[in-house]
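For the protein sequence lines, the chains are H and D, in the order given. Numbering of the first sequence is given in this note's numbering, commencing with residue 1 and proceeding in unit increments. Numbering of the second sequence is given in this note's numbering, commencing with residue 1001 and proceeding in unit increments. Quick reminder that beta carbons are idealized off the backbone N, C-alpha and C, glycines included. For clarity, every value in this text was computed on a predicted model and none was experimentally measured. The structure appears right after this line, and notes come after that.
Protein chains: 2
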Amino acid sequence: MKISQVIINGKILPTNSASLGIDDLSIVRGYAIFDYFKTIDNRAIFLEDNLDRFYHSAKQMDLIVPFSRDQIREQIYTLMKVNDIPSSGIKILLTGGYSIDGYTITTPNVIITQSELNRNLTNEQNGIRLITFPYHRPFGTVKSIDYVMGIQALKKARKQGADDVVYALNNQLSECPRANIFIVDQFGTVITPEKDILAGITRKHVIEIAKNITSVEIRDVSLEDMANASEAFITSTTKNITPVIAIDDIKYGSSPGQVTTRLQEAFEVLTFKNYGVPIVKA
Amino acid sequence: MKISQVIINGKILPTNSASLGIDDLSIVRGYAIFDYFKTIDNRAIFLEDNLDRFYHSAKQMDLIVPFSRDQIREQIYTLMKVNDIPSSGIKILLTGGYSIDGYTITTPNVIITQSELNRNLTNEQNGIRLITFPYHRPFGTVKSIDYVMGIQALKKARKQGADDVVYALNNQLSECPRANIFIVDQFGTVITPEKDILAGITRKHVIEIAKNITSVEIRDVSLEDMANASEAFITSTTKNITPVIAIDDIKYGSSPGQVTTRLQEAFEVLTFKNYGVPIVKA
């Protein structure tokens, strides 16, 4: 197998020799942010949205990106050319840097990686099961590397025969560890939580699409709203629109709902036919 | 300057060439635990307590330490001999390992590092100022690398002229980001929070010492308890017993209190004169 390349602080090197010194603040204090987008046919999907969010996360966490937005974009295109992995996920990671005292943020390290990405069509077609989990991410709008609770919560979900969790605290749904949550009420209105959550890029585009199809509400979503909903689905870069057929003991039906299916179709058109920067070729 | 050595997965190498591959779960998901103890005159202070807690943290986070306790202890002594840094801090870090899917825990990486440690006698003599900060660490008994909130909170403390924060949520004090908190009430009773906090090693020994001097209560500590207290102090491996002269607008006096001072003296005797494994010499 061809070994893929990564870019660390602007320098290209093979993935298997890519490393960080052990005093990086990600390793010693869990301090880092990242962003993640996909490529389809060597097109970077929604890249500018991801770059917006990447710089937002960095700013929120007092990390100064040591490259301009143009430079980061250029590095991404370079990596895409060098690797030539048409369907891939690309991650931009920004750490707290090599801290002298092991606590104070310094010049960040920037790591850009690319790896092959295959769609989970089974889940997108058949839907998944969630359980609620009592947690709310600190720094909700930041795409932090902190997935400790997500990893632990997944264990609980699997024990209960579910595929993942959705965080719910103080009677409010917020998000899944790696996806945004939507419900559809009995009138066909698409509803998704508003405050202190990750501003998902897929979420953003699904909201836009949904507005052409039905009414959309971006607001607090209570456990009662969840229980009374007719459909539910989650969105993310890798999961696209994945139907949710059950949360806890609430069943939304054995197959994806009508509104969810229409949104899936519309999102397919947007992503796979009408969107993308000019094709990058090696 | 002589470059210190570290031990990664049982192998000794110079600190400046010590690294982790970029797919380690600490870097991609903030998933790692650690422990930290000090050496004085090449004696490992309270090492067995730290090893107890290290294995506790590992177990709580589903990390299987790839070395026996005897092997880890042996590696620590080897490192102490090789480096010969009489007054030092030694950290044992255990990460989620090189995850194949970037999410699932695998065989952990173990990193043992040693660096010179100097006491902050100014703080121990004059005391420090804290502010309360609304947070409670998830996995309270685990010494996780997750210090994102601690690092952000310190910024707020410094803006307000304080040295650090103490976490307080739902009217309950819990701990500082890198230390345990104690108060002393008007009757001289030493009180420290009980539940879902890091079981500090210094905290443990201070509790033992305090029982010989006065009454001790290990229980919930409310903001009212804090406000009514006569003295306060924090404990940690690097800070020993550091008096707290103010929390928010509550002033405990311009110098360390009587009980705090007696505990400092007794702890000094315990740590510096009567404790320690046999001296390890190069």
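With contacts defined by Cβ atoms closer than 8 Å, Val1190/D and Val1216/D form a contacting pair. Non-local C-beta neighbours of Val1006/D in its own chain, meaning closer than 6 Å and more than five positions away in sequence, comprise Thr1015, Ala1018 and Thr1113, ordered along the chain.
If you look at Thr1242/D, you'll find it isn't in any alpha helix (DSSP H); it sits in the beta strand (DSSP E) that goes Asn1240 to Ile1247. The beta carbon of Asp225/H is closer than 8 Å to those of Leu173, Ile183, Asp185 and Ile191 in its chain, skipping five residues each way along the sequence.
For Ala1032/D, the uninterrupted beta strand (DSSP E) segment begins and ends at Ala1032 to Ile1040. Assigned with DSSP and collapsed to three states, Phe1054/D falls in helix. In the DSSP assignment, Leu1117/D falls outside any beta strand (DSSP E), carrying neither H nor E. Within the stretch 1015–1031 of chain D, the residues whose Cβ lies closer than 7 Å to any Cβ of chain H are, in chain order, Ala1018, Ser1019, Leu1020, Gly1021, Ile1022, Ser1026, Ile1027, Val1028, Arg1029, Gly1030 and Tyr1031. Rounded to the nearest whole angstrom, the C-alpha separation of Ser115/H and Leu198/H is 23 Å. The stretch 130–140 of chain H makes no contact with the stretch 86–103 of chain H: fewer than 3 CB pairs, one atom from each, lie closer than 8 Å.
The beta carbons of Ile234/H and Asn170/H sit no closer together than 8 Å. With respect to chain H, the C-beta atom of Met1149/D has a partner C-beta closer than 8 Å. Interface residue (Cβ-Cβ distance to chain D less than 8 Å): Tyr103/H is classified as such. Between Asn1109/D and Asp1035/D, the C-beta spacing is not below 8 Å. The beta carbon of Asp146/H falls within 8 Å of a beta carbon belonging to chain D, placing the residue at that interface. A straight line joining the alpha-carbon of Asp146/H with that of Asp1052/D spans about 25 Å. Chain H places a beta carbon closer than 8 Å to that of Thr1113/D, counting this residue as a contact. Residue pairing by DSSP places Ser230/H in no beta bridge whatsoever. The Cβ atoms of Thr39/H and Glu124/H lie no closer than 8 Å to each other. Bounds of the alpha helix (DSSP H) holding Phe1267/D are Gln1258 to Glu1268. Cβ atoms of Ala1210/D and Leu1263/D come within 8 Å of each other, at about 6 Å.
In this structure, the CA atom of Leu223/H is about 11 Å from the CA atom of Ile250/H.
The residue from Ala1032/D, Ser1068/D, Pro1066/D and Phe1267/D with its alpha-carbon nearest to that of Asn1240/D is Phe1267/D.
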